[in-house]
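Visitor: Mapping of the sequence shown onto the numbering used here: residues 7 to 623, in sequence order. Glycine is no exception: its CB is placed at the ideal position from the N, C-alpha and C atoms. Quick one: structure below, then a few questions.
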Amino acid sequence: MVCLHKKHNQLIDFLLNQNGEYVSATTLAEILNVTDRTIRNYIKDINDNSSDVVITSSPEGYAIITDNSEERLGSNEKELEEALLEFEIIQFLMNENDYTAYDEIADKFFYSPQTIRSRIQNLAANIHALGIDVAIDTKVFKGIKLTGTEIQKRILLESFFTSISVKKEMYKDFVVNGFRSWVDMEVVENVFKIVDQINIEHQLNLEFSMYKKIAIQLIIIIHQINHHHLVNMEDTELTNLRRFKEFEVEEAFRSKLHDYVKMTDDEAIFLVNYLISLQLDLDKSIIENKDQEIVSKIEAILLQVEQVYHVPIYSTKRFRNNIANHIYRIIYPASHNLLIYNPFVKETKSEYFFSFSIASNIALQIEKAFLVEIQDSEIAYLAYHIQVILDSQDKKKIKTIILYSRSYERTKLLAAKIATYFDELEICKIEKYSADYVFDHSYLYIGINLADTPQTTANFMMIQSGFQSSDIKKIRFFLEAQNSIIEQAAIHWIHAKSPEEAILHLLSLNNQEHFYEPIMKRERISYTSIGNLMAIPHPYFEKEGYKEKVIIGVNKQAIKWGNELVQLIIIYIPSSDIERNEYAFTEFFQKTKNIENVRELVHAATDKEFKDIWNQI
Numbered sequence: 007m008v009c010l011h012k013k014h015n016q017l018i019d020f021l022l023n024q025n026g027e028y029v030s031a032t033t034l035a036e037i038l039n040v041t042d043r044t045i046r047n048y049i050k051d052i053n054d055n056s057s058d059v060v061i062t063s064s065p066e067g068y069a070i071i072t073d074n075s076e077e078r079l080g081s082n083e084k085e086l087e088e089a090l091l092e093f094e095i096i097q098f099l100m101n102e103n104d105y106t107a108y109d110e111i112a113d114k115f116f117y118s119p120q121t122i123r124s125r126i127q128n129l130a131a132n133i134h135a136l137g138i139d140v141a142i143d144t145k146v147f148k149g150i151k152l153t154g155t156e157i158q159k160r161i162l163l164e165s166f167f168t169s170i171s172v173k174k175e176m177y178k179d180f181v182v183n184g185f186r187s188w189v190d191m192e193v194v195e196n197v198f199k200i201v202d203q204i205n206i207e208h209q210l211n212l213e214f215s216m217y218k219k220i221a222i223q224l225i226i227i228i229h230q231i232n233h234h235h236l237v238n239m240e241d242t243e244l245t246n247l248r249r250f251k252e253f254e255v256e257e258a259f260r261s262k263l264h265d266y267v268k269m270t271d272d273e274a275i276f277l278v279n280y281l282i283s284l285q286l287d288l289d290k291s292i293i294e295n296k297d298q299e300i301v302s303k304i305e306a307i308l309l310q311v312e313q314v315y316h317v318p319i320y321s322t323k324r325f326r327n328n329i330a331n332h333i334y335r336i337i338y339p340a341s342h343n344l345l346i347y348n349p350f351v352k353e354t355k356s357e358y359f360f361s362f363s364i365a366s367n368i369a370l371q372i373e374k375a376f377l378v379e380i381q382d383s384e385i386a387y388l389a390y391h392i393q394v395i396l397d398s399q400d401k402k403k404i405k406t407i408i409l410y411s412r413s414y415e416r417t418k419l420l421a422a423k424i425a426t427y428f429d430e431l432e433i434c435k436i437e438k439y440s441a442d443y444v445f446d447h448s449y450l451y452i453g454i455n456l457a458d459t460p461q462t463t464a465n466f467m468m469i470q471s472g473f474q475s476s477d478i479k480k481i482r483f484f485l486e487a488q489n490s491i492i493e494q495a496a497i498h499w500i501h502a503k504s505p506e507e508a509i510l511h512l513l514s515l516n517n518q519e520h521f522y523e524p525i526m527k528r529e530r531i532s533y534t535s536i537g538n539l540m541a542i543p544h545p546y547f548e549k550e551g552y553k554e555k556v557i558i559g560v561n562k563q564a565i566k567w568g569n570e571l572v573q574l575i576i577i578y579i580p581s582s583d584i585e586r587n588e589y590a591f592t593e594f595f596q597k598t599k600n601i602e603n604v605r606e607l608v609h610a611a612t613d614k615e616f617k618d619i620w621n622q623i
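The structure is reproduced here in structure tokens:
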């Protein structure tokens, strides 16, 4: 094992003592006194750099798999066999120009035609789920054919191969075996050497997952070019790509691969775009002489989204520059429908759901402006940028006015004490109360020993000058009530067969059918299912403000929602307060991040039981 950080070793030691039992990220974070995200980074570092242990994940958390274990990371022997068969079928079909009969494929791979038919049906579904623009075309009496551009086929093959989990020390042999019909062992070994050299020379700091992807894609490029399966690009694009740091890396690969393949400019364009899609550690490099037409379009998008969400992605220069630079970089690979590599999409979508929603809006505008397709992996990167901005902002406090009848000085001391106890309150004024006092609904009023209780619809509470525990509780209960999401929620038990049916039915039960189209518009950008049997459908945000409403549906059985199964549906109609919306989405995540808690919620039989379980989580 390479030298690991002290915390890494503490994490390994703790998991080894759990005898294979899964431990949640939250528990591990508490034990090591770090954040959940840091735990995920530690685990990624350990899996990338350690040959002695592998940490595997499940909905219940993380556990250690040792070298002595027969279980492989994420795959048993049957799953491994099926994954390899799907890869080999893609590899075979990639270079077949005509339709191939099922019997011919069955004979080649030594399976029955029935098994091959079943595997190809599963393969077609898996390809569709990846979002890669390749399909398996089937014709009666002819067989099957892989359709799509050369670029998309290469990305598909690499994605399937690199998704198969193999230990680091075994990987080169695994590659040699997987591509034995395409290239010699010597070519594989030299490709790995070239990747090692360029990784060091250009300080790429490649994680093993990226290292694998680059090596496999280079092997695919060598074979495909030498067998005259070439990509077609616009010649002018290479001029634009010369501004990117990835162009230098591509040229280094092009030079070192010269003995094995002659790369055309079109192939160079593909490789630059591919390297950009990997999100290498080159983001801080400055892109000189940007295309100002592209920059103007991006900044117009950021301004438009800021006007809807009131998050300073445009008005604050450093935020605008960071996001605009990131979008500028991914426009090129997105134009070729190259998947932007991001291994943490699911975690980002669930943990930073509000940021993900804002990022989805940006993605839709990018798609319209540049005629490209932006997928969840890229939306997640945009969500990181949004979350940084939200975290940097000072949270708004509740503007508060203290009312008194007598003794201003004593009231002033009490106001200071209240401000100390309750950081959520901003004491704006201390004013003397009278019968004709005019209340402003934008403030919270706290009356101190007033002779009578004012008749007002504004937020008002009365406390005593002694500021006893009962007064503290009264203010605390008020503040908690402001944040309460579940108490006013409408909860329904339904029996829907699809997301569309569930959303429409829940909206109809609450006379909110007019939100159906805005919600479905948001679903078309990116499904709102976040795992753990949960989905949080909400309308695509427009400029008009909404009044907050929460509609909860417990479905009789789990239904397919994008790539997830969903049984608990929380429709959230947002308020016009951006911080309130962030709070709501954060609470939804916190209450449902444990699958066992969600199971308890969906087994609740009444409103009261559901709310009691929610409040106890």
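Take residue 97 and list the residues in its own chain whose beta-carbon comes closer than 7 Å to its own, dropping the five residues that flank it on each side.
Guide: Excluding residues within five positions, the ones whose Cβ falls inside 7 Å are 163.
Visitor: Are the beta-carbon atoms belonging to residue 368 and residue 318 less than 8 Å from one another?
Guide: no
Visitor: With a floor of 3 residues, list each beta strand (DSSP E) that falls wholly inside the region 445 to 500, ordered by position along the chain.
Guide: Listed in chain order, they are 450 to 454, 465 to 469 and 496 to 500.
Visitor: Three or more C-beta pairs under 8 Å: does that hold for the region 605 to 617 against the region 468 to 482?
Guide: no
Visitor: Where does residue 400 fall in DSSP's three states?
Guide: coil
Visitor: In the DSSP assignment, what are the bridge partners of residue 603?
Guide: The bridge partners DSSP lists for residue 603 come to none.
Visitor: Can you give me the Cβ contacts of residue 294 inside the same chain, cut-off strictly under 6 Å, excluding the 5 residues immediately before and after it?
Guide: 249
Visitor: Starting from residue 526, follow the alpha helix (DSSP H) in both directions and report where the run begins and ends.
Guide: In this chain, the alpha helix (DSSP H) harbouring residue 526 covers 522 to 531.
Visitor: What three-state label does DSSP hand residue 154 in the structure shown?
Guide: coil
Visitor: What does the alpha-carbon distance come out to for the pair residue 510 and residue 364?
Guide: The straight-line gap from Cα to Cα measures roughly 23 Å.
Visitor: Ends of the alpha helix (DSSP H) at residue 199?
Guide: For residue 199, the enclosing alpha helix (DSSP H) covers residues 191 to 207.
Visitor: What distance in whole Å lies between the Cβ atoms of residue 310 and residue 371, which are believed to be in contact at a cut-off of 8 Å?
Guide: 7 Å
Visitor: Under 8 Å by Cβ, that's how I've got residue 180 and residue 172 pegged, so tell me the actual separation to the nearest angstrom.
Guide: 5 Å
Visitor: What residue from 433, 385, 393 and 397 has the CA that sits closest to residue 408's CA?
Guide: 433
Visitor: Going by beta-carbon coordinates alone, are residue 231 and residue 273 separated by less than 8 Å?
Guide: yes
Visitor: Rounded to the nearest angstrom, how far is the Cβ of residue 355 from that of residue 536, given a contact under 8 Å?
Guide: 5 Å
Visitor: State buried or exposed for residue 342, treating a residue as buried only when at least 16 other CB atoms are found within 10 Å of its CB.
Guide: buried
Visitor: Residue 201 and residue 221 - do their beta-carbons sit closer together than 8 Å?
Guide: Their beta carbons are under 8 Å apart, which means residue 221 touches residue 201 by this criterion.
Visitor: Any chance the region 466 to 475 sits against the region 488 to 499, with 3 or more Cβ pairs inside 8 Å?
Guide: no
Visitor: Taking the beta carbon of residue 37 as the centre, do at least 16 other beta carbons fall within 10 Å, making it buried, or is it exposed?
Guide: exposed
Visitor: Would the beta-carbon of residue 283 fall within 8 Å of that of residue 345?
Guide: yes
Visitor: Quick check on the burial criterion: 16 or more other C-beta atoms within 10 angstroms. Buried or exposed for residue 60?
Guide: Classification of residue 60: buried, given that the 10 Å Cβ count is 16 or more.
Visitor: Rounded to a whole number of angstroms, what is the C-alpha to C-alpha distance between residue 9 and residue 46?
Guide: Low local confidence applies: a pLDDT of 45 at residue 9 is under 50, so the model's placement there is unreliable, with the coordinate-based value given in what follows. About 19 Å.
Visitor: Do you know how far the Cα of residue 351 is from the Cα of residue 507?
Guide: 27 Å
Visitor: Alpha carbon to alpha carbon, how far is residue 203 from residue 503? Give it in angstroms, no decimals.
Guide: 54 Å
Visitor: Looking at residue 153 and residue 141, is the spacing between their C-beta atoms short of 8 Å?
Guide: yes
Visitor: Quick one: is the Cβ of residue 247 within less than 7 Å of any heavy atom of the ligand NAP?
Guide: This structure does not include the ligand NAP; it has no bound ligands of any sort.
Visitor: What does a CB cutoff of less than 6 Å around residue 577 pick up in its chain, not counting 5 residues either side in sequence?
Guide: 512, 543 and 557
Visitor: Enumerate in chain order the residues of its own chain whose CB-to-CB distance from residue 191 is below 7 Å, with the five nearest sequence positions on each side excluded.
Guide: 182
Visitor: Where residue 517 and residue 505 are concerned, what is the direct C-alpha to C-alpha distance, given to the nearest angstrom?
Guide: 18 Å
Visitor: Cα separation between residue 189 and residue 70?
Guide: 36 Å
Visitor: Can you name the residues that DSSP bridges to residue 567?
Guide: DSSP, once it has assigned bridges, lists 570 as partnering residue 567.
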